[in-house]
Amino acid sequence: MHIEALVLIEDLCVLISNLPLNHYDMLSPNRPATDLVNTDLQREQKYDHRNLSTTITNSAPLLTAGQKNIYDRIMLAVAAEQGGIFYLDAPGGTGKAFLISLILAKIRSQQKIALAVASSGIAATLLDGGRTANSTFKLPLDIHHKPDAMCNIKKNSGIAAVLRKSSIIIWDECTMAHKYSLEALHRTMQDLNSNNKLFGGTILLLSGDFRQSLPVIPRSTFADEINSCLKQSFLWRSVETLRLTINMRVGQPF
């Protein structure tokens with residue numbers, strides 16, 4: 264029981280800081296370093312494929328024409344394995360959460376890794392298996408001061424293994440993120456995959472609404488916030504924009 268508790272504590276420590284307990288001069292369970300890597304991979308591969316198939320069977324017929332077009336476009340990109348960066352422009356009430364949930368279920372049902380993150384903790388809880396982007400990518404807390412930043416991810420770490428094996432990364436509420444965060448992930452993915460492709464050849468699906476939220480920068484002007492948003496990044500010229508325009512809530516009873 265004592266060893267099991269240490270393992271759970273160390274797993275949580277690695278999840279938060281990407282470092283084992285002995286780095287902090289704390290008692291650490293005696294286990295191979297590969298166990299830490301395997302724990303991260305298992306977390307992203309633990310989904311019940313039977314339940315996922317049921318979700319797909321029940322939900323896919325409910326897609327609107329617009330949602331279906333976007334769903335097919337993303338699944339085509341995943342099947343092609345040629346990378347790409349997409350932005351899902353989805354105002355509130357257009358069925359973004361439903362569509363993303365179905366995309367996650369479909370990719371995971373194929374025994375592939377679909378990593379789901381969000382810019383805020385509340386948004387992350389709405390994604391199946393979701394975590395915050397800052398904790399997942401180990402982004403610097405002062406990212407807005409670091410235009411050349413990299414994610415604090417070691418090549419032999421568990422999250423590095425997850426990122427290398429990911430078929431897609433979905434980043435919800437991306438409009439709250441600083442452009443340097445996106446650029447740091449781009450450089451890190453290139454480094455982890457040892458190539459110069461966009462995000463190392465991994466598909467990135469951004470989603471959010473620029474009409475609703477922008478990055479929060481301490482003691483900044485409105486011009487500073489505009490300049491820090493993702494659309495001002497050099498990466499944005501490579502983005503393919505997908506739009507949901509029909510409000511599903513209109514006409515629904517209270």
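Plus 263 on top of the position in the sequence shown (first one is 1) and you've got this note's numbering.
For every residue, glycine included, the Cβ atom is placed at its ideal position computed from N, Cα and C.
Check, Outcome
"Helix, strand or coil at residue 272 [DSSP, three-state]", "helix"
"DSSP-derived helix/strand/coil call for residue 311", "coil"
"Inter-residue spacing [alpha-carbon to alpha-carbon] between residue 303 and residue 422", "6 angstroms"
"Close-in-space but distant-in-sequence residues of the same chain around residue 509 (CB under 7 angstroms, 5 per side omitted)", "327, 329, 357"
"Residue burial classification, residue 486 (beta-carbon count within 10 angstroms, cutoff 16)", "exposed"
"Straight-line gap, residue 288 to residue 474 (C-alpha atoms, nearest Å)", "47 angstroms"
"Residue 447 versus 480, 484, 372, 409, residue with shortest Cα-Cα distance", "409"
"Where residue 267 falls: helix, strand or coil (DSSP)", "helix"
"Cβ-Cβ separation, residue 341 to residue 378 (assumed contact under 8 angstroms), whole Å", "Rounded, the Cβ-Cβ distance is 13 angstroms, inconsistent with contact."
"4-residue-minimum alpha helix (DSSP H) runs that sit fully inside the segment 305-375, ordered along the chain", "312-322, 328-343, 359-372"
"Selected residue, minimal CA-CA separation from residue 382, among 395, 373, 489, 456", "395"
"Cutoff 6 angstroms; reference residue 333; Cβ partners in own chain excluding five residues on either side", "505"
"Nearest-angstrom Cα separation, counted from residue 484 out to residue 434", "26 angstroms"
"Rounded C-alpha distance that separates residue 500 from residue 371", "29 angstroms"
"Cβ-based burial, residue 316 [other Cβ within 10 Å; buried from 16]", "exposed"
"Cα-Cα separation, residue 482 to residue 345", "41 angstroms"
"Cα-Cα separation, residue 429 to residue 268", "29 angstroms"
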